[in-house]
Amino acid sequence: MSAKTLYDKLWEDHLVRTDDDGTGLLYIDRHLVHEVTSPQAFEGLRMAGRKPWRVNAVIATPDHNVPTTNRASGISDPVAKVQVETLDRNCIEFGITEFGMNDTRQGVVHVVGPEQGLILPGMTVVCGDSHTSTHGALGALAFGIGTSEVEHVLATQCLIQKKSKSMRVSVDGELGVGVTAKDIVLAIIGEIGTAGGTGYVIEFAGDAIRALSMEGRMTVCNMTIEAGARAGIIAVDATTIEYVKGRPHAPTGETWDAALSSWQNLHTDDGAVFDREIHIDAASIAPQVTWGTSPEMVVSVLDRVPDPEREVDSTKAEGMRRALDYMGLKAGTPISEIPVDLVFIGSCTNGRIE
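In my numbering, each residue's number is its place in the sequence shown (first place is 1) plus 1199.
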């Protein structure tokens, strides 16, 4: 039997059938639903007279348009209010479990899934949101889907997909002081570009990745999309198991023992071949900062603002000029000398309390 990548294993474990052109039909283990990309999907079911194929595989929570404070006063924005109320009604009508706005379990869907034990190693996971790749940190194949695909998964629990190419990014060695998971993934994007992962599923490996907490791993997998990839995954190890154990929806007893046994194989076999390999020395990564308008416009805090005149690609050089003009920065300026007027603490790339 030939050596397989983790992606190969996850794909094959969920493949229902393959057409002559290579298109596959994948079974989906967990479907996460929120208020923005689901209304049309539920309406499509309603118009076709269909019901969800497997309601216990679907979990819903409003997370895009809900207030973070003063919830007792309700939602002031009329459009957001309609979206959240529509999700409530659809979940009641179709028998889907929802962590509603006033449920203590409610939160950002990509935080709720792992913390509740709803996402387990080896699963296929989809959601109508691009950063579904976050869940790949648990050794799951997770990716975002469109609204029509949300309806398709609700109706059939399957999804039509073509298999992506495989890439492994190995970050070996020890990270320096103050260097975080966000720095790792920004450095990766800085090296391969925002289109470098297009057509690939990326497996993150190496000493520095294994040393990350689960929250750190989720940050890396979350930003796989910013590299243009379909999904990001990390092999299951003791850190993964310890994180999942004891979560509200995690297996228990004999079921846990059986799951644990199956999860031991969720890694890339020795000798498995990837379509592309990237190697990065962890010690070479300093804290990163983006100077422009794209995640690939990134340098370390020890560097200077890049000069478009030194860029050999004319299209990229013009993009750099526009970014510098927009940001009000001058090429050659040391990053450490750029004054900071205002600091906003927040994140759309896996912001969470660790």
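We put the CB at the ideal spot given by N, CA and C, even for glycine.
Check	Outcome
Boundaries of the beta strand (DSSP E) in which glycine 1223 is found, first to last residue	1222 to 1226
Three-state class that DSSP yields for threonine 1492 in the structure shown	coil
Under the three-state DSSP convention, the category glutamine 1239 falls into	helix
One or two residues paired with threonine 1296 in a DSSP bridge	Ile1258
Buried/exposed call for valine 1396, threshold 16 Cβ in 10 Å	In the sequence as presented, valine is not what sits at residue 1396; that position holds glycine. By the 10 Å Cβ count, glycine 1396 comes out buried.
Spatial distance of valine 1497 from alanine 1380 (CA atoms)	15 Å
Beta-carbon separation (whole angstroms), lysine 1250 vs phenylalanine 1293, contact threshold 8 Å	7 Å
As assigned by DSSP and simplified to three states, the class of threonine 1591	The requested residue 1591 does not occur in the structure, where the chain is confined to residues 1200 to 1553.
7 Å Cβ cutoff met for lysine 1364 and aspartate 1474	yes
The beta strand (DSSP E) enclosing arginine 1229, as first and last residue numbers	1229 to 1232
Proximity to alanine 1428 [Cα-Cα], best of Thr1296, Phe1342, Glu1553	Phe1342
Stretch-stretch touch, CB-based, cutoff 8 Å, three pairs: the segment 1343 to 1353 with the segment 1322 to 1329	yes
Glutamate 1316 versus histidine 1448 - alpha carbon distance	Reading off the sequence shown, one finds glycine at residue 1316, where the question assumed glutamate. Looking at the two C-alpha atoms, the distance is approximately 5 Å.
Bounding residues of the alpha helix (DSSP H) (the contiguous stretch that carries glycine 1389)	1380 to 1391
Buried versus exposed, by CB contacts within 10 Å (16 or more), tyrosine 1525	exposed
Lysine 1208 classed as buried or exposed, judged by whether at least 16 other C-beta atoms fall within 10 angstroms	buried
Reduced DSSP secondary structure (H/G/I, E/B, other) of histidine 1478	strand
Beta-carbon spacing of valine 1400, alanine 1426 below 7 Å	no
Distance CB(isoleucine 1227)-CB(leucine 1337) smaller than 7 Å	no
Neighbourhood of glycine 1377 by C-beta distance below 8 Å, restricted to the same chain and skipping five residues each side	Pro1486
Alpha helix (DSSP H) runs contained entirely in the segment 1409 to 1458, provided each spans 4 or more residues	1413 to 1421, 1437 to 1443
DSSP three-state assignment for glycine 1312, whether helix, strand or coil	helix
CB of tryptophan 1462 within 7 Å of CB of valine 1435, strictly	yes
Assumed close pair isoleucine 1388, arginine 1416 - CB separation to whole angstroms, cut-off 8 Å	That pair is no contact at about 16 Å.
Glutamate 1402 (DSSP reduced to helix, strand or coil)	strand
Whole-angstrom distance between leucine 1353 and glycine 1223, CA atom to CA atom	18 Å
Contact with chain B by threonine 1260, beta-carbon distance below 7 Å	Protein chains in the displayed structure number just one, and chain B is not present.
Straight-line Cα distance separating arginine 1288 from threonine 1260	12 Å
Rounded C-alpha distance that separates arginine 1446 from valine 1232	20 Å
Alanine 1530 - containing alpha helix (DSSP H), residue span	Run containing alanine 1530: none; DSSP gives neither H nor E here.
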